[in-house]
Every structure is written in C-alpha cells, then in structure tokens.
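Student:
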Amino acid sequence: MAATRVYVARLAGLVVLGPDGESIGRIRDVVVAVRYDRQQPRVHGLVVELPTRRRIFVPMLRVTTIEPGVVALNTGTVSLRRFTQRPGEMLALAQIVDSSVRVHDPDLLDLADVDVLVVDLGIEQTRTRDWRVTRVAVRGHRRLGRRRTVHVVDWMQVSGLTPYEIGRPGQDVTQLLEQFEGLRPADVAHMLRELPEKRRIEVAIALDDERLADVVQELPDDDQVDLLGHLEVRRAADVLEAMDPDDAADLLGELPKGERESLLALMDPEESEPVRRLLEHSPDTAGGLMTPKPVVLTPATTVAEALARVRNPDLTPALATMVFVVRPPTATPTGRFLGSVHLQRLLREPPAHLVGGILDTDLAPLRPDAPLGAVTRYFATYNLVCGPVVDEENHLLGAVSVDDVLDHLLPEDWREQEDTAHDAVAGHEGVTDAE
54 MAATRVYVAR
64 LAGLVVLGPD
74 GESIGRIRDV
84 VVAVRYDRQQ
94 PRVHGLVVEL
104 PTRRRIFVPM
114 LRVTTIEPGV
124 VALNTGTVSL
134 RRFTQRPGEM
144 LALAQIVDSS
154 VRVHDPDLLD
164 LADVDVLVVD
174 LGIEQTRTRD
184 WRVTRVAVRG
194 HRRLGRRRTV
204 HVVDWMQVSG
214 LTPYEIGRPG
224 QDVTQLLEQF
234 EGLRPADVAH
244 MLRELPEKRR
254 IEVAIALDDE
264 RLADVVQELP
274 DDDQVDLLGH
284 LEVRRAADVL
294 EAMDPDDAAD
304 LLGELPKGER
314 ESLLALMDPE
324 ESEPVRRLLE
334 HSPDTAGGLM
344 TPKPVVLTPA
354 TTVAEALARV
364 RNPDLTPALA
374 TMVFVVRPPT
384 ATPTGRFLGS
394 VHLQRLLREP
404 PAHLVGGILD
414 TDLAPLRPDA
424 PLGAVTRYFA
434 TYNLVCGPVV
444 DEENHLLGAV
454 SVDDVLDHLL
464 PEDWREQEDT
474 AHDAVAGHEG
484 VTDAE
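This is the structure we're talking about:
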C-alpha cells in the first residue's frame with residue numbers, strides 16, 4: 054500500500070524506480086523549503102544518487118508511490134543535471150537532522166526549556182498532492198552513553214528550525230556519523246564532498262584522527278587543503294601524522310612554505326622526518342611518488358614471518374605483493390638493498406625457509422629521480438604493481454605502488470568526474486537529460 058506519511062530517515066537508501074520498473078538510483082536526501090515562521094515547510098523533492106554517484110534532483114510531483122523498499126516515479130525522464138541547492142532550500146538529513154531545538158508541547162512538560170536534538174522528520178502528502186513536513190522526532194542529548202526517549206511532536210510546536218538557527222556553527226553530527234559507519238574511506242570522502250560546507254567541517258572535526266586521515270587522503274587536493282585549513286593547527290598536525298607519509302607530503306606540498314614548516318614542526322619528529330625526505334623530491338618522480346614504509350625484512354627472516362607481515366590490514370593490496378630484503382637497519386633509508394621477494398614466491402615456499410635464499414636479484418630498482426613516464430614504463434615492462442626505490446649507494450628509500458602512479462596519471466580532478474560509461478548505462482535504463 055502506498056504511503057502518504059513517511060519519515061525521511063526511512064527514505065534514505067531506498068531504490069527509485071521509473072514507471073517500467075527500471076532502477077534509476079537511490080535516495081540520499083530530501084529537499085525542503087524551511088520558513089522563518091513556524092509554518093510547515095514544503096517538500097520540494099528528493100536528492101537521488103545515480104549509479105555514477107552523481108546526485109540529481111527529482112521533484113516530489115514526479116513521485117507516484119512510496120512503498121516499503123522502493124519509491125516509484127510517474128516518469129522515467131529526469132534531469133541529469135547535478136543537484137545544486139537553491140537559496141531557501143535545506144537538506145533534511147544533512148542539515149536539519151541533528152539540530153538542537155526547543156519543544157513547546159503542553160503534553161511534554163518535561164521537555165520545556167530543554168534543548169533536544171532532531172532525529173527525524175515526518176513528511177505528509179496533502180490533498181493537493183503537495184508534501185509538507187508535519188512532524189518532528191526529537192530526543193534529549195545523550196547522558197552517560199544512554200539514549201534518551203524519542204518524542205514525536207508537531208512541526209509548529211518546535212522552535213529553532215529557521216534557516217538562521219540551522220546555519221549556526223556547532224551543530225551535532227550524531228546521525229550523520231551513523232551513516233558513515235562501515236563505509237570505505239573513499240565512500241565517506243564522496244559523501245563528505247556532497248555536504249554543505251558547514252556540515253562538512255562539523256563532521257571532519259567530529260571524526261577521530263585516524264578516520265579523518267583516511268578520508269582526507271581520498272579527497273581532491275583543493276578539498277584537502279580547505280579541510281585542513283578549517284582545523285585547529287594542533288589538530289591539523291595530528292591528522293597529518295596519521296596520514297600515510299607520501300599522502301601527507303603531497304598535501305603539505307600544496308601549502309605555502311611557512312605554513313608547511315609550522316605544521317611539520319608540530320608533528321612528532323618520527324612522523325615528520327620521512328615526510329621531510331619525501332618533500333625533497335619532485336612530486337612527479339619515483340622519490341616523490343614512493344611511500345617510505347613498505348615491507349622491509351632482513352635476509353634471516355623466515356617465509357612464515359614474511360607472510361605474517363604482508364597480512365597487515367593497514368597495507369594496501371599493492372604494497373602487500375612484494376617484500377624488500379636489506380641489510381640492517383630496516384627503517385628507510387635502509388642498509389644495503391639485497392633484492393625483492395614476490396608474494397607468489399612466498400606462498401610457494403616452505404614456512405621455515407629464509408627469504409634471503411629466495412631473492413629476486415634480477416629486478417632493477419628505480420632511482421628516486423626517475424620521472425613519472427619512466428616509472429609507468431617500469432611497471433608495464435615488468436608487470437608489477439609495486440617496485441623498490443634505491444639511491445646511488447644502494448640504500449632502499451621506499452617503494453612506489455601502482456595506485457600512486459595512477460593518482461598522478463589521471464587528471465587532477467578525476468575524483469570529481471563521473472564515469473561516462475556508467476552514464477551511458479544509466480541512460481539506457483531510462484534516465485535521460487530532460488529539463
């Protein structure tokens with residue numbers, strides 16, 4: 054049975070179907086027009102994410118039915134223009150939920166003069182087929198880790214939901230963070246970029262250093278710099294420490310020299326030193342592309358120990374394909390580089406064998422000044438996804454992985470572009486660029 058009253062949190066993630074049952078995308082938010090008085094806001098439409106991850110706007114008048122699990126449209130023709138928020142519009146999930154409000158309901162005297170949080174909005178279809186925000190679900194702030202009771206009240210019994218009040222800094226982000234749980238950093242980065250700037254900064258501040266570092270590494274360069282600039286300087290240094298050294302060096306390389314040096318000075322010396330070494334190299338050379346923390350072993354390491362090292366979940370798949378064997382010390386720059394051992398070779402050898410006896414000494418290492426083109430040909434020639442970088446004195450400096458190479462081969466704005474092949478599939482399924 055089609056619903057005429059629904060809560061927006063239950064719409065998030067629902068599949069949107071065209072009239073022939075073809076899938077168009079999934080709902081990511083609801084667009085409402087919040088007024089400065091307490092009158093019920095009109096629901097303008099839905100923010101729908103296509104398979105390409107582009108977000109488009111679908112007017113509520115195009116919605117035929119809302120059923121458990123799906124939302125059906127009365128047309129398969131929708132505009133493919135990227136959704137742009139207009140003046141006076143607010144995003145229900147990204148901006149209104151998590152707002153702090155006051156409730157003026159005579160039946161809820163225990164909430165009088167108490168700040169509560171918005172946890173959901175109820176929308177309802179009127180006789181004219183318009184949709185309005187009619188109800189607000191609120192909950193008291195958490196105390197001692199316990200959730201408070203949720204109350205549902207009429208929109209007009211709530212104060213604090215004007216555009217000005219919603220736009221004030223310091224808004225809670227509990228509900229937004231729950232949406233990010235279990236997602237890969239790249240997906241969180243994409244969702245973060247879709248948020249209004251105020252909410253993006255509030256979420257970034259709320260994330261812990263490790264999680265934020267993982268997410269920042271997946272953002273375009275300009276967004277990385279902007280986000281870092283909104284953090285308190287000590288926090289910015291902590292996030293840089295948590296980033297992979299090569300990614301931290303790339304980000305710091307985008308900053309003015311004075312700001313870069315200030316942040317490096319605040320970082321732990323053990324974390325800043327490899328970053329400083331990377332900054333000495335041009336970003337489009339093997340030395341600028343490499344990570345200084347590959348898997349480095351001594352020749353006396355057993356195959357079993359080597360396999361245990363490459364099982365480290367913090368290693369990228371590319372770095373886990375090869376271990377590098379050196380004379381002590383094993384911290385880069387290491388002692389004399391002896392050779393490499395591929396993961397496939399480790400899997401074929403008895404666990405008790407030593408890696409020093411199964412070295413590949415024929416693979417020529419990269420020099421730190423090797424340009425990007427030479428690095429690319431190196432990977433193609435030897436069918437590699439990871440390769441050693443060694444200086445003139447045969448010290449291992451680090452390793453270049455194929456993901457680092459791709460980051461520099463692709464256009465600078467590749468994270469902001471949609472896949473045109475996916476666009477073609479979406480069009481075939483019934484989505485066309487109609488106005």
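Taken in order, the sequence shown gives residues 54 to 488; the numbers are from the numbering used here.
Each residue gets a CB set at the ideal place from its N, CA and C atoms; glycine is no exception.
Because the structure is a prediction, the values reported are computed rather than measured.
1) At a cut of 8 Å, does the region 114–121 reach the region 202–213 through at least three beta carbon pairs?
2) What does a CB cutoff of less than 7 Å around residue 173 pick up in its chain, not counting 5 residues either side in sequence?
3) Using DSSP's beta-bridge definition, name the partner residues of residue 125.
4) Identify which residue in 440, 293, 405, 153 has its Cα closest to the Cα of residue 489.
5) Distance, Cα to Cα, residue 450 vs residue 439?
6) Pull up the CB-CB distance for residue 345 and residue 387, whole angstroms please, since I reckon it's below 8 Å.
7) If you draw a straight line from the alpha carbon of residue 156 to that of residue 179, how long is it in whole angstroms?
8) Cutting at 8 Å between CB atoms, please list the residues of its own chain near residue 187, excluding the five before and the five after it.
9) With the cut-off set at 8 Å, would you say residue 257 and residue 280 are in Cβ contact?
10) If distances are taken between C-alpha atoms only, which option among 373, 403, 351 comes closest to residue 380?
11) As an exercise, report each continuous beta strand (DSSP E) stretch of at least 3 residues that is fully enclosed by the region 162–229, in chain order.
12) Could you check what DSSP says for residue 64 in three-state terms: helix, strand or coil?
13) Across which residues does DSSP place residue 390 in a beta bridge pair?
14) Under 8 Å: do the region 406–426 and the region 313–323 share three or more Cβ pairs, one atom per stretch?
15) Return the Cβ separation of residue 243 and residue 329 in integer angstroms, given the expectation that the two are a contact with Cβ distance under 8 Å.
16) Can you tell me whether DSSP reads residue 344 as helix, strand or coil?
17) What are the partner residues of residue 113, as DSSP defines its beta bridges?
18) Which residues does DSSP pair with residue 355 in a beta bridge?
19) Which whole-angstrom value describes the C-beta separation of residue 458 and residue 429, a residue pair presumed to lie in contact below a C-beta threshold of 8 Å?
20) Using CA atoms only, rank isn't needed, just tell me which of 167, 181, 462, 313 is closest to residue 193.
21) I'd like to check one pair, residue 383 with residue 356: are the Cβ atoms closer than 8 Å?
22) Run through the region 234–299 for me and flag every whole alpha helix (DSSP H) of 4 or more residues, listed as ranges in chain order.
Tutor: Looking at the coordinates:
1) These segments do not touch.
2) 60, 61, 62, 150, 190
3) Per DSSP, the beta bridge partners of residue 125 are 70, 118.
4) One cannot answer for residue 489 here, as it falls past the ends of the chain, which runs 54 to 488.
5) 14 Å
6) The Cβ separation is near 10 Å, so there is no contact.
7) Their Cα atoms are separated by approximately 24 Å.
8) 58, 93, 175, 176, 177, 207, 208
9) Pairing residue 257 with residue 280 gives a Cβ-Cβ distance under 8 Å.
10) 351
11) Within the region 162–229, the runs of beta strand (DSSP E) at least 3 residues long that lie entirely inside it are, in chain order, 169–178, 184–193, 203–207.
12) Judged by DSSP in its simplified three-state form, residue 64 adopts helix.
13) 379
14) no
15) About 31 Å; that fails the 8 Å criterion.
16) strand
17) Within the DSSP secondary-structure output, residue 113 pairs in no beta bridge.
18) 407
19) 6 Å
20) 167
21) no
22) 238–247, 250–259, 262–269, 274–282, 286–295
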